[in-house]
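First up is the structure itself, then whatever we jot down about it.
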Amino acid sequence: MTFNIVFVLTALSSLLYFCRRPQSLYKYLPRREIFQDIQHKRDVKPSKSDRGIKSSPQSTQATTDDNKLDHYRLMYYKLHNLEFYPSVIPNARAELISLFAEGIQKGKLKDGGLLEMSHYDPESVKQFIQKENNRIRQRYEKYIKRREKGGPRELLTTTEEAKTWLIQRAPSKYVDGAWLGHIHRASTPFVLRSITKNVWQVLSEELGDGDLSKNHAEVYRKLMHSIDAHIPDADSREFVSPTLGLNDIGIWKSAIAQLLISLFPHDFLPEILGFNMHFECLTWDTLLAAKELREMNIDASYFLLHISIDNSDSGHTAMATRIVLDYLQHVSKLEGDQAAQSAWRRVQVGYSLSAMFIEKQEDIIPPSQNIYSTELKRIFRAKSTVSDKLHCGSKVRFGGKLLHEWLNPETLSSDAEADRFLRVLSSSKPWVYMEDSSKSRLVKELKWNGKMFGAFTEDELLVLEHWIDACKQSAVEPATYWNFIGGKDPCSRDEFCNLDTRVHYPVISSQRISEDYENTPDSTMITTQTLPRFLTRQPVNLDKFLPIWFAHISLLEGFVSVPFKTCTTMACAIVAILRAQYGFRKETDGVAGMDELQRTRCTGLIEIGIDMMRDAGKPIPQGLRDVISDGPDGRFALDMLNLSMSPARNCDLLLGMACAFTGLHDSLAAEPDGTLPLSGENLGMIRCIAERERAGLEICLREVKRCRDRRVNFSEGVRIAKREIEACFQ
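Heads up: the sequence shown begins at 2 in the numbering used here, then just goes up one per residue.
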């Protein structure tokens, strides 16, 4: 593409050389003032102390970019290993709010964007999403016609370029699904579980529904191996090393946004749903990559998978839109229309954040208007009158238009289109770097020894330089987000020290078990055939039992928060176990998609717990805090919640506890006349859940039993959970 740009502009330069106008023709006052300012700057010689300052903007820009890149890399590593870096959480939240503000700022500048829909209307939302998908399909249809006529590839020119493009995108592709990674936890308010359950189905499909070969991050990892790009694991220090050469700051920033947005699911659920609604839409680059990679005999499975699974009829696009509509209907029913409109604003924020990364940046960067813009537009208009039709052979595109479509007298005669052209130009690196004309390639090519020398007069070139140097992107203030949604930040930094794991998320503690249990190291391995059995016919203390019932669902949730960490057989088995515990249908070779959303009742362990409380005549709980007390009866439940937030540190202990509770499920199913208030239907569900749990745990135990230390920790988990469960049955 670079060659085409240079070739076209070189040819243009010789023709435009004769279009220079003498300064005396600049008749109106603003133009004269501009050139007086330029002449003054030309005449003033820099002092000795000032010499060398001209190069400082470039070095400052480079330093700033490098600092941001280092910042994103470090945060990427810490978010992949959050339990070891809990101090990053306050900064992560602040970063997310700044990203929200930036998304709003840029979203407001996009014509026809979702932010223009100030009032929520379900039909309008569906029509908008369909229109966006139609726009991409129509654009792709035109692309195919160009290709059929012999047009070149437009995304990836050569095999080496394609490989570089794929490798640079690894930070983002390795977190595929991360924007939903922390959704639908045990601590989710129970009234929202019907909504978050459907969102988790999307995450489950991103993670392959427990099948490693279908896991999206794993599919991309295989793609990396197929092109001999043996890059380190995404959760390793080596992956974020500058020496690896993954230097695309936009890719890192996009990955960070995906990791951050679901990290606070109880605070930003509407934003997560909006982000998901945009992210699951069909994208231009995905379509082109799927076609052009195949033409170069590079595995395009990852991109083909997203074209099919994200479809707008039964796939993730349809699911994401339906979930947003269901959520807003839920808010309207419970809190009224005004609350639904407020929630809609927050959905728009999440959508705009995703759009900020996936859409072409020149479509959303603010117009670069400054005192030089009017004169620069006049210069380009003058040049276009003698170069019309000369660029028709160029396939170079900016902002969705071919070069000859921009440099067209009729196009540039419109102030709106001329402003848009400057906006596109201002964001077209390396040709233009805002605030740094010395770094901008366009300026270099217009000077002596440049390929376009002579196309601009000296004064015209100075206008261009000063326009570039005066271009500034608007500062992003977090207040933009709060003002947009009509609220204020309820969370201060001090409040991060006083979070309740029953209500808030994430809450990471280094605390282990509350009591000093007598611990005799035991490496004897429990199998799925020798799970603990419990005498569930004995009288049960519900005040002790119910807290651990609701809390034990959290034991394995932390294992699937970060997509790359699910690229193992054991992690995929845990995905399948969670699917059973959440009440999803048993996995098949296919994909459930919208079918899962059509189910009228999805009974998981939480729902069974709520039924038990109802049948026992207890108040219906709204969340874990209504079930788990601060006293002795809630002690072990709180321990489990805390331990579950550190799955790497407590891996085998958590697996052992999960095995003990699978034994409980087996025992309950085997004794239908037990003392717990369980209906026949729920006992049947527990039986099915236990069967699927055993299948998943069998896979996990194969790995655990290889190491004695792991067996000891696993056995400790079984023993501790067994003791606590037995204490509930007197």
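The beta carbon of each residue, even a glycine, is placed where N, CA and C say it ideally should be.
All values reported here derive from a predicted model rather than from experimental measurement.
- Approximately 6 Å separates the beta-carbon atoms of Leu264 and Pro507; this is inside 8 Å, confirming the contact.
- In the three-state DSSP reduction, Val325 falls in the helix class (H, G or I).
- The region 597 to 614 makes contact with the region 189 to 200; the number of CB pairs closer than 8 Å reaches 3 or more.
- In the displayed model, Leu639 falls within a helix according to three-state DSSP.
- Contact annotation: Ile629 and Pro548 have beta-carbon atoms nearer than 8 Å.
- In chain order, Ala661, Gly664, Lys723 place their CB closer than 6 Å to the CB of Pro533, counting only its own chain and leaving out the 5 sequence neighbours on each side.
- For Arg382, the closest alpha carbon among the candidates Phe422, Leu354, Arg346 is that of Phe422.
- In terms of CA proximity to Gly635, Thr502 leads the group Thr502, Asn82, Cys573.
- Gly685 has its alpha-carbon roughly 13 Å from the corresponding atom of Gln582.
- The three-state reading of DSSP puts Phe730 in strand, counting E and B together.
- Annotation: Ala179 to Leu260 spans about 5 Å, alpha carbon to alpha carbon.
- Taking C-alpha positions only, Lys334 is separated from Pro266 by approximately 21 Å.
- Non-local C-beta neighbours of Ile621 in its own chain, meaning closer than 7 Å and more than five positions away in sequence, comprise Ile611, Met614, Arg615, ordered along the chain.
- In this structure the region 698 to 710 does not lie against the region 533 to 542, because fewer than three pairs of beta carbons, one per stretch, are closer than 8 Å.
- Around the beta carbon of Pro431, a 10 Å sphere encloses fewer than 16 other beta carbons of the protein chains shown; the residue is thus reported as exposed.
- Nearest C-alpha to Ala552 among Thr604, Met646, Ala574, Glu411: Met646.
- Taking 8 Å as the cut-off, the Cβ atoms of Thr318 and Cys282 count as close.
- Scanning Met453, Met595, Asp177 for the CA closest to the CA of Asn216 turns up Asp177.
- Annotated as proximal: Ser227 and Asp300, with beta-carbon spacing under 8 Å.
- Taking each of Pro479, Asn312, Leu656 in turn and checking the Cα distance to Val713, the smallest one comes out for Leu656.
- For the pair Glu727 and Phe535, the CB atoms are nearer than the 8 Å cut-off.
- Contact check for Phe358 and Ala258: beta-carbon distance about 6 Å, within the 8 Å limit, so the pair qualifies.
- A direct Cα-to-Cα measurement between Lys445 and Lys384 gives close to 19 Å.
- Secondary structure at Val563: coil, using DSSP grouped into helix, strand and coil.
- According to the DSSP secondary-structure assignment, Val541 is paired through a beta bridge with Phe730.
- Bounds of any alpha helix (DSSP H) do not take in Tyr121, whose DSSP letter is neither H nor E.
- Contact check for Lys174 and Tyr221: beta-carbon distance about 4 Å, within the 8 Å limit, so the pair qualifies.
- Trp345 sits in a helix when the DSSP states are folded into three classes.
- The three-state secondary structure of Thr386, taken from DSSP, is helix.
- Secondary structure note for Asn683: its alpha helix (DSSP H) is the uninterrupted segment 681 to 705.
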